[in-house]
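Under the working numbering, think of the first position of the sequence shown as 8, with each following residue one higher.
Every residue, glycine too, gets a C-beta built ideally from N, C-alpha and C.
Below: one structure, written as structure tokens.
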Amino acid sequence: MMKRIAVLTSGGDSPGMNPAIRAVTRTAINFGIEVFGIRNGYAGLLAEELEPLDNLMVSGINRVAGTMLQTSRCKEFHELEVQKRALSLLEKHRIEGLVVIGGDGSLTGARALHRLGVPVVGMPGTIDNDIAGTEMGIGVDTALNTIISMVDMIKATASSHSRCFIVEVMGRGSGYLALMSAISTGSQVAVIPEYRLNYERIVELLDVRFRTKHTNCVIIVAEGVCPGHEFMQRLMDTGKGRIQQDVRLTVLGHVQRGGIPSHFDRYLGSRMGEMAVLALTQGERGVMVAQVNGRMQLRDFDDILSRRKTIPADSIRLARNLGIEVGDAVEVA
Ligand code: F6P
8 MMKRIAVLTS GGDSPGMNPA IRAVTRTAIN FGIEVFGIRN GYAGLLAEEL EPLDNLMVSG
68 INRVAGTMLQ TSRCKEFHEL EVQKRALSLL EKHRIEGLVV IGGDGSLTGA RALHRLGVPV
128 VGMPGTIDND IAGTEMGIGV DTALNTIISM VDMIKATASS HSRCFIVEVM GRGSGYLALM
188 SAISTGSQVA VIPEYRLNYE RIVELLDVRF RTKHTNCVII VAEGVCPGHE FMQRLMDTGK
248 GRIQQDVRLT VLGHVQRGGI PSHFDRYLGS RMGEMAVLAL TQGERGVMVA QVNGRMQLRD
308 FDDILSRRKT IPADSIRLAR NLGIEVGDAV EVA
């Protein structure tokens, strides 16, 4: 049985990382394993910022946004020499297993350590929901709840002025947040990187909204397509003289990451954290905890990092049937 493990959060923070840290800590302690928290992601590992965690230190963190361990994006961790330094530091501190919570860059770092022989288990912690192999990442649900409450407010002021709002949401390479929030806020357009957008159709849609006396129109743009202001410029250029509504832009930005974890994210973080420790104790290595058909499963790093997560086809269908413009499927050459 392992005697000592460590946990770190890396990349962009996501709501639910704290419940995950808590679950790792409590489960490990329950198994008689010592747990160390590594501050500030891989950068903190290289700087030897390790501290023992106990039950009291993780008490009450389920309801706290962000990550108590803090996080960072560590560019130098791409280098083999740096990864080897991390390996020797883990050995120096007698860490026998490592839990990494983060997005694709962080899990790529975790795989590098695994390849050097470190027993590593990962967890998908990113609001983008762009990690293949898992239905949900930790933080996605809370980010969506934050987005929909912001868009509901935007819709209220949009309706008062009969305006069109462009709302830029996060999602570097993924339209998941844009699509799902468009569906649940009753927005009119979801501009997502997975589908080719058609400016002309959006102009027409604005015209129909205006003529049929709808008081608002909301276009959700995933940042992975282009910045909201660029989208707005191109839309205005396409619809020159034809767009009757006032158009405004709101960039939601980092508020999307700072929400208090929802029940779903507390539960998901807890389940994944528990599973990560169980996996380590059972000798699993080089795997990520994933939610598959609602259940916790393990997926190889190589599998999840080699594939691009796709947008669920039934959500595209649903959006279209609800009258949301999502653009055209991009043909694969
Ligand atoms: O990966 C999560 C994410 O929130 C992306 O949606 C966004 O593009 C990026 O992080 C922002 O990163 P940073 O906080 O480093 O600006």
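Closest to residue i by CA distance: which of the options is it?
i           : options            : result
residue 69  : 33, 29, 294, 233   : 29
residue 61  : 307, 42, 46        : 42
residue 336 : 328, 318, 229, 329 : 318
residue 137 : 191, 210, 200      : 200
residue 252 : 272, 221, 328      : 221
residue 275 : 257, 108, 219, 84  : 108
residue 74  : 111, 124, 14, 95   : 14
residue 320 : 187, 226, 207      : 187
residue 104 : 288, 214, 89       : 288
residue 174 : 180, 227, 262, 141 : 227
residue 241 : 208, 95, 224       : 208
residue 66  : 165, 322, 33, 218  : 33
residue 291 : 272, 307, 278      : 307
residue 255 : 94, 161, 8         : 161
residue 237 : 250, 225, 180, 258 : 258
Starting from residue i, follow its DSSP beta bridges and name the residues at the other end.
i           : result
residue 281 : Its beta-bridge partners do not exist; DSSP assigns none.
residue 193 : Paired residues: none, contrary to the question.
residue 155 : In the DSSP output, where bridge partners are listed per residue, residue 155 has none listed.
residue 12  : 42, 104
residue 98  : Partner(s): none; residue 98 has no beta bridge.
For the ligand F6P, is there any heavy atom lying closer than 6 Å to the beta carbon of residue i?
i           : result
residue 148 : no
residue 177 : yes
residue 153 : no
residue 19  : yes
residue 115 : no
residue 180 : no
residue 133 : yes
residue 110 : yes
Would you tell me roughly how many angstroms separate the C-alpha atoms of residue i and residue j, rounded to the nearest one?
i           : j           : result
residue 12  : residue 297 : 20 Å
residue 299 : residue 314 : 16 Å
residue 133 : residue 211 : 35 Å
residue 106 : residue 127 : 6 Å
residue 54  : residue 123 : 19 Å
residue 239 : residue 204 : 13 Å
residue 247 : residue 213 : 12 Å
residue 182 : residue 154 : 13 Å
Please classify residue i as buried or exposed, where buried requires at least 16 other C-beta atoms within 10 Å of its C-beta.
i           : result
residue 99  : exposed
residue 2   : The structure shown does not extend to residue 2, since the chain spans only 8 to 340, so no value can be given for it.
residue 295 : buried
residue 264 : buried
residue 23  : buried
residue 20  : buried
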